[in-house]
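Peer 1: Below is the structure I would like to discuss, written out as structure tokens.
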Amino acid sequence: MLRVRDLTKAFDTADGPLPVLRGVSLDLAPGETLALTGESGSGKSTLLYLVAGLDAPSSGTIEIGGRALSEMDDAARARLRRAEVGLVFQQFNLIPSLDVAANLAFHARLKGGTPDVAPMAERLGLAEHLSRYPEQLSGGQQQRVAVGRTLIARPRLILADEPTGNLDEATGDAVLDLLREAAEGTGAALMMVTHSERLAGRLSRRLHLRGGVLA
Ligand SMILES: Nc1ncnc2c1ncn2[C@@H]1O[C@H](COP(=O)(O)OP(=O)(O)OP(=O)(O)O)[C@@H](O)[C@H]1O
Ligand SMILES: [Mg+2]
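-5 is the number of the first residue of the sequence shown in the numbering used here; add one for each residue after it.
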């Protein structure tokens, strides 16, 4: 599903280039669930952004479903992302003018679906909040909407950046269960950034980012 080879990324800063990724290689098969750990600032979000095609690497290749991101133009990358990739960002990026039900349905509708959001809302403890707007929700509730919206669209590759960062232990476990079920049930591949040893231990694989490389 995902093939990453010799990926490097350096950011241009006022003090010169800042190398963040120094040669990252990684394969992720359908149904695999990968925990990505690493210190704050080690480049975890950078790696997810590159895999999502939202930023370009300095060198190296990324293939999703056998197609190289570098060989596509922006429009093709956006189509691939919409069709295959589900993103849960560190910032939730909910749409402020839409209520919870419409936010949950948003990505699936972009793909042409007419999703029933009720079962997912129930699982996420959001059933009572479907007609609320994002600004009326707590951080943890917003985070759950962001996860639900991604899963309802049934992506083949799920990229989640600390999707349980704002949640208490029990709610974090429930969100992790949903992400794992998506992988086990539909054969999606999951790459999840987490700072939690406990949650990392519940996924099928685990990699640690340090000094710009994975180990
Ligand atoms: N657009 C940018 N321009 C310059 N430097 C950047 C940019 N984006 C990220 N960085 C730097 O790259 C490094 C890695 O950042 P990144 O956000 O990937 O870390 P992270 O592992 O996700 O950390 P956290 O756990 O705190 O979310 C940091 O030193 C950060 O300051
Ligand atoms: Mg980050």
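Where is the CB? At the ideal position from N, CA and C, for every residue including glycine.
Predicted model only: the values in this text are computed from it and were never measured.
1) For A115, does the count of other Cβ atoms within 10 angstroms reach 16, so buried, or fall short, so exposed?
2) Could you give the first and the last residue of the continuous alpha helix (DSSP H) run that contains L172?
3) Considering only the alpha carbon of each residue, which of L81, A164 and V169 lies closest to R138?
4) For G47 versus L30, is the C-beta spacing smaller than 8 Å?
5) Just to check my reading of the structure: P24 and A182 have Cβ atoms closer than 8 Å, yes? What is that Cβ distance to the nearest angstrom?
6) How about Q84: is its Cβ closer than 7 Å to a heavy atom in ligand 1?
7) Would you tell me roughly how many angstroms separate the C-alpha atoms of R143 and A209, rounded to the nearest one?
8) Excluding the 5 residues flanking L42 on each side, which residues of the same chain have their C-beta closer than 6 Å to its C-beta?
9) Which whole-angstrom value is the C-beta distance of S19 and D49, which I expect to be below 8 Å?
10) Measure the alpha-carbon distance for V82 versus V141 and round it to whole angstroms.
11) Along the chain, where does the beta strand (DSSP E) that runs through H202 open and close?
12) State yes or no: is the C-beta of L92 nearer than 7 Å to some heavy atom of ligand 1?
13) Would you tell me roughly how many angstroms separate the C-alpha atoms of A194 and A69, rounded to the nearest one?
14) Between L104 and L145, what straight-line distance do the alpha-carbon atoms span, to the nearest angstrom?
15) For a quick check, are the C-beta atoms of G206 and L15 less than 8 Å apart?
16) What runs of the alpha helix (DSSP H), each 4 residues or longer, lie entirely inside the stretch 7 to 70?
17) I'd like to confirm the pairing. Which residues does DSSP put opposite G80 in its beta bridges?
18) Could you tell me the distance, in whole angstroms, from the CA atom of E178 to the CA atom of L201?
19) For L12 and E33, what's the separation of their Cα atoms in angstroms?
20) Would D93 and R117 be called neighbours here (beta carbons separated by less than 8 Å)?
21) Whole angstroms are fine: how far does the CA of G10 sit from the CA of L197?
Peer 2: So, from the data block:
1) buried
2) E163 to T180
3) V169
4) no
5) 7 Å
6) yes
7) 31 Å
8) L153 and D155
9) With a Cβ gap of about 18 Å, S19 and D49 do not count as contacting.
10) 6 Å
11) R199 to R204
12) no
13) 34 Å
14) 13 Å
15) yes
16) 38 to 45
17) I152
18) 20 Å
19) 17 Å
20) no
21) 38 Å
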